[in-house]
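**Student:**
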């Protein structure tokens, strides 16, 4: 049986279902499996079968207290009829590399893979632990998590959800997805600040008001919740399986993954896959102009005291990458993790030891690309391969090109969103005339490229706007208490 511990206190131990219920440890740490050896397996045992079979195998390792029968039912419920691609996350050959398309879910972003699952995992955890409180999900989003969480939790009995997003810091399409989301238990609220402000505010609320009113408990749909992170591990195995089926690699060959990264959750899922035994060559942490992770993985110095840039890849506009804390625990231990997180909170920076950095660099490489380089990648790849990328995937592609030839048998770029979520920037990259309207730009992208518009995005411009609130960061606490009543 795997115990889950806090990254800040290994003596604090809970089951996986309790970790999912809580979202975050009471000391502010994140829940992780106590020992990485507990997740070690023969990767061949996971590769057999389709995506759902792989999901069941991974979930049974990480969520043992649910039991195989319940896991089987939860996986089927999570993925039945929700994705437009039968593979869930199909792999596409583009030039000499591969793109893993993670955006075929209901909100056209990679977050759907996990947020189709988390509501079911959370609901089951309530009954398993005789939990009678209503659960209020608090989520900070830089764009895609919000719409996926609202879609996943909308109408789920026993839950409410509030999503905080940076005012003016997401694309118009992303905003409309959130503010038009149905569900009487769901709302989106803009904050006057950036994503880091929203995320810090949400974490603070977990510490200050874990029970905002009697009979209501807080939980999270962000990747700080281990129930959000684990389902993302599956598509690393799925990518490897598809490479084998295509004859692109031989069994045992190492594969390099290039991951557009903001909060370090998606790439942390890759680290877990690597520690489980999947043959991973490198995990390339691709950043945009907000290159705090690139500097950290190059120098060991994490410094959030820098200018915050609004870019054309807004889901990566993050300076405090929460999930990095999980990696710090495994590499640096609890004592240093607490020390580093305290320093980050109080001074805005910390530096790991040389030995700790070397261990991270044994699997991670940090590289960054500018908006201009990402834009060039969109244009060049479409012109040469007739393949259209969004602004986040293009940053990862540009980073891959910067690194040059790989020593791994194959390179896989994780494509995290449909290009139609960022139609304005995509059109600009293609050298086309822009409109003031995302709706018009979306139609123009289709006219120019012929790429199909995802069904979930096609109708958002006609939907009723249900959430109109804009608040200051200082008002987040009173807002949540009011929504809890």
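In the working numbering, the protein residues as written are 243 to 727. For glycine and all other residues, C-beta sits at the position ideal for the given N, C-alpha and C.
1) How is the alpha helix (DSSP H) around residue 700 delimited, first residue to last?
2) Nearest to residue 551 by CA position, among 501, 691, 611, is which residue?
3) Output the residue ranges of the beta strand (DSSP E) runs that lie fully inside the region 424-495 and measure 3 residues or longer, sorted by chain position.
4) Count the other CB atoms within 10 Å of the CB of residue 322; is the residue buried (16 or more) or exposed (fewer)?
5) Give a yes or no on contact between the region 450-461 and the region 425-439, applying the rule of three or more CB pairs nearer than 8 angstroms.
6) Can you tell me where the alpha helix (DSSP H) holding residue 603 begins and where it ends?
7) Measuring CA to CA, which of 539, 518, 519, 521 is closest to residue 527?
8) DSSP puts residue 548 in a beta bridge; with which residues?
9) Which whole-angstrom value is the C-beta distance of residue 478 and residue 535, which I expect to be below 8 angstroms?
10) Could you work out which residue in 346, 660, 722 is closest to residue 557 when comparing CA atoms only?
11) Taking the beta carbon of residue 346 as the centre, do at least 16 other beta carbons fall within 10 Å, making it buried, or is it exposed?
12) In whole angstroms, what separates the C-alpha of residue 384 from that of residue 532?
13) Do residue 427 and residue 388 have their C-beta atoms within less than 8 angstroms of each other?
14) Relative to the C-alpha of residue 705, which residue among 513, 653, 289, 681 is closest?
15) Of the choices 563, 338, 480, whose alpha-carbon is the least far from that of residue 328?
16) Kindly confirm or deny that the region 333-352 and the region 656-674 touch, where touching means at least three C-beta pairs closer than 8 angstroms.
17) Could you check the C-alpha separation between residue 595 and residue 466 for me, to the nearest Å?
18) Going by CA-CA distance only, name the one from 362, 275, 502 that's closest to residue 319.
19) Are any of the Cβ atoms in chain B nearer than 8 angstroms to that of residue 591?
20) Return the chain-ordered ranges of every alpha helix (DSSP H) run that is complete within the region 511-547 and spans a minimum of 4 residues.
21) Please tell me whether residue 471 and residue 511 are closer than 8 angstroms, where the distance is taken between their beta carbons.
22) How would you write the range of the alpha helix (DSSP H) that residue 419 sits in, first residue to last?
23) Output needed for residue 333: all residues of its chain with C-beta closer than 6 angstroms, excluding positions within five of it in sequence on either side, in chain order.
**Tutor:** Considering the structure as presented:
1) Segment 697-700, the alpha helix (DSSP H) holding residue 700.
2) The candidate whose alpha carbon is nearest that of residue 551 is 611.
3) As far as the region 424-495 is concerned, its whole beta strand (DSSP E) runs of at least 3 residues are 428-433, 458-462.
4) By the neighbour-count rule (16 or more Cβ atoms within 10 Å), residue 322 is not buried but exposed.
5) Contact between the region 450-461 and the region 425-439 is absent, because fewer than three Cβ pairs lie under 8 angstroms.
6) For residue 603, the uninterrupted alpha helix (DSSP H) segment begins and ends at 596-603.
7) Comparing Cα positions, the closest option is 539.
8) Note: residue 548 sits in no beta bridge, so no partner.
9) Not quite, the Cβ-Cβ distance comes to about 19 angstroms (not below 8 angstroms), so this is no contact.
10) Closest option to residue 557, Cα to Cα, is 660.
11) By the C-beta density criterion, residue 346 is buried, having at least 16 other C-beta atoms within 10 angstroms.
12) About 13 angstroms.
13) Going by C-beta atoms, residue 427 is not nearer than 8 angstroms to residue 388.
14) Of the candidates 513, 653, 289, 681, the one whose C-alpha sits nearest the C-alpha of residue 705 is 681.
15) Minimum Cα distance to residue 328 is reached at 480.
16) Result yes; three or more Cβ-Cβ pairs closer than 8 angstroms.
17) A straight-line Cα-Cα distance of about 25 angstroms links residue 595 and residue 466.
18) Closest by alpha carbon: 362.
19) No chain B appears in the structure shown, which is made up of a single protein chain.
20) Complete alpha helix (DSSP H) runs here, min 4: 534-541.
21) Yes.
22) Judged by DSSP secondary structure, residue 419 falls within the alpha helix (DSSP H) whose first and last residues are 414-421.
23) If we look at residue 333 and ignore the five residues flanking it on each side, its Cβ neighbours are 340, 342, 481, 484.
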